[in-house]
């Protein structure tokens, strides 16, 4: 495993395990436990995923069974839009997340979307950061101009910005903006949520054959070599093992260039510029 040093001085693993769309409590708990057992040091959840309690149970089990110490794990959660009304609602939601997780602190809290009063919400998570119950604060889905506006107006620059990043949506401009402000990039959907035939894509497959790796492993390594932290997800332990088995090869500059040519320049997973999408996100309420 390799790490990126955040602007707080903390080290964040470059690969973690995501639990988006794993709502069943037992499936989520077992998946996170197995992920830690396989070797994932970073676990990423969110209030909107409705599985913080299951993640917390898995973390407690893993620690109790000696798979990892709390200081060896990096736990992330995110404040949802319905809790981004005021500084206080954001702050209180962080404390509720900690209660669900059964943890004294989390390593990173993100604002999940650039919606609601995100400046007030950011002050709320900063309050938690200053109290030590959150070790770092950041954002998610903050695209370049929005991220720049935030960074120009806040007391503490976000440590992380988690956005969609994979070979079909490379977001070079977003990465350049993050680098300029010292914000670490993190990829949700690093396998494009299975779209574009990513698991059998001819370009990725051909490159992988040189190293004895799958197309998926090549896609993950491509982001890593761009300095992007990745969050692949699977409930199958064999796939978890494959996804983390990417640390014994290096893509060449020619490989990286070929993969870069796959970029479509836009997302085919979600349209953050859609008014209907924004309205939909505001209808989801999280306690």
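In the working numbering, the protein residues as written are -9 to 277.
No residue lacks a Cβ here, since even glycine has one placed at the ideal position from N, Cα and C.
Remember, predicted model here, so these are calculated numbers, not experimental data.
Grab the span of the alpha helix (DSSP H) containing residue i for me, first residue to last.
{"i": "residue 20", "result": "15 to 28"}
{"i": "residue 134", "result": "134 to 141"}
{"i": "residue -5", "result": "Careful: residue -5 lies outside any alpha helix (DSSP H), inside the beta strand (DSSP E) at -7 to -5."}
{"i": "residue 268", "result": "265 to 273"}
{"i": "residue 218", "result": "Residue 218 -> no alpha helix (DSSP H), and no H or E assigned at all."}
Rounding to the nearest angstrom, what Cα-Cα distance links residue i and residue j in this structure?
{"i": "residue 95", "j": "residue 254", "result": "39 angstroms"}
{"i": "residue 61", "j": "residue 123", "result": "14 angstroms"}
{"i": "residue 198", "j": "residue 242", "result": "12 angstroms"}
{"i": "residue 1", "j": "residue 216", "result": "17 angstroms"}
{"i": "residue 246", "j": "residue 106", "result": "38 angstroms"}
{"i": "residue 143", "j": "residue 39", "result": "29 angstroms"}
{"i": "residue 128", "j": "residue 239", "result": "30 angstroms"}
{"i": "residue 58", "j": "residue 30", "result": "10 angstroms"}
{"i": "residue 84", "j": "residue 101", "result": "11 angstroms"}
{"i": "residue 278", "j": "residue 267", "result": "As shown, the chain starts at -9 and ends at 277. That puts residue 278 outside it, with no answer to give."}
{"i": "residue 103", "j": "residue 71", "result": "7 angstroms"}
{"i": "residue 112", "j": "residue 8", "result": "23 angstroms"}
{"i": "residue 34", "j": "residue 200", "result": "32 angstroms"}
So for residue i, helix, strand or coil by DSSP?
{"i": "residue 192", "result": "helix"}
{"i": "residue 260", "result": "coil"}
{"i": "residue 10", "result": "coil"}
{"i": "residue 176", "result": "strand"}
{"i": "residue 233", "result": "helix"}
{"i": "residue 251", "result": "coil"}
{"i": "residue 226", "result": "coil"}
{"i": "residue 145", "result": "coil"}
{"i": "residue 203", "result": "coil"}
{"i": "residue 276", "result": "coil"}
Let's see if you can read the secondary structure: which residues bound the beta strand (DSSP E) around residue i?
{"i": "residue 32", "result": "32 to 34"}
{"i": "residue 242", "result": "Looking at the DSSP string, residue 242 is not in any beta strand (DSSP E), and its letter there is neither H nor E."}
{"i": "residue 1", "result": "1 to 3"}
#### Entry: alpha helix (DSSP H) segments (min. 4 residues) lying fully within the segment 148 to 173
162 to 171
### Length at least 3, wholly inside the segment 50 to 132: the beta strand (DSSP E) runs in chain order
64 to 69, 98 to 101, 127 to 130
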